[in-house]
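Here's the structure, in structure tokens; my notes come after.
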Amino acid sequence: MTPFEREGRCPECRREYVITGIALHPGAETEGPTRFRCVCGGWAAAFVPGSVNTERLVVTEKAATTTS
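Laid out in structure tokens, this is it:
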């Protein structure tokens with residue numbers, strides 16, 4: 505089992521997320537899109553390994569960066 509990290513973005517509000525989880529068969533499987541609900545109500549997605557239990561994914565919003 506190998507931990508992984510992916511990034512995803514909501515196309516509606518542009519919020520960015522970090523998605524982490526554990527792959528059971530890293531390197532020997534295909535990846536597919538997994539959708540998750542954004543706080544704005546829209547849908548975001550990230551490609552995750554096929555052996556991942558999607559109910560155990562951890563989705564964290566990235567800290568917003570501000571520029572002056």
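Residue numbers for the sequence shown, in this note's numbering: 505 to 572. Beta carbons are placed, not taken as given, at the ideal position from N, Cα and C, and that holds for glycine.
Looking only at DSSP bridge pairs, what is residue i linked to?
i: glycine 554; result: None, per the DSSP bridge assignment.
Buried or exposed, going by whether 16 or more other CB atoms sit within 10 Å of the CB of residue i?
i: arginine 560; result: exposed
i: cysteine 514; result: buried
i: arginine 541; result: exposed
In terms of residue numbering, what span does the beta strand (DSSP E) encompassing residue i cover?
i: valine 562; result: 562-565
i: glutamate 559; result: Looking at the DSSP string, glutamate 559 is not in any beta strand (DSSP E), and its letter there is neither H nor E.
i: arginine 513; result: 506-513
i: valine 543; result: From DSSP, valine 543 is part of no beta strand (DSSP E); its letter is neither H nor E.
i: glutamate 520; result: 520-527
Please report how far the alpha carbon of residue i lies from the alpha carbon of residue j, in whole angstroms.
i: valine 552; j: valine 563; result: 12 Å
i: glutamate 509; j: arginine 518; result: 19 Å
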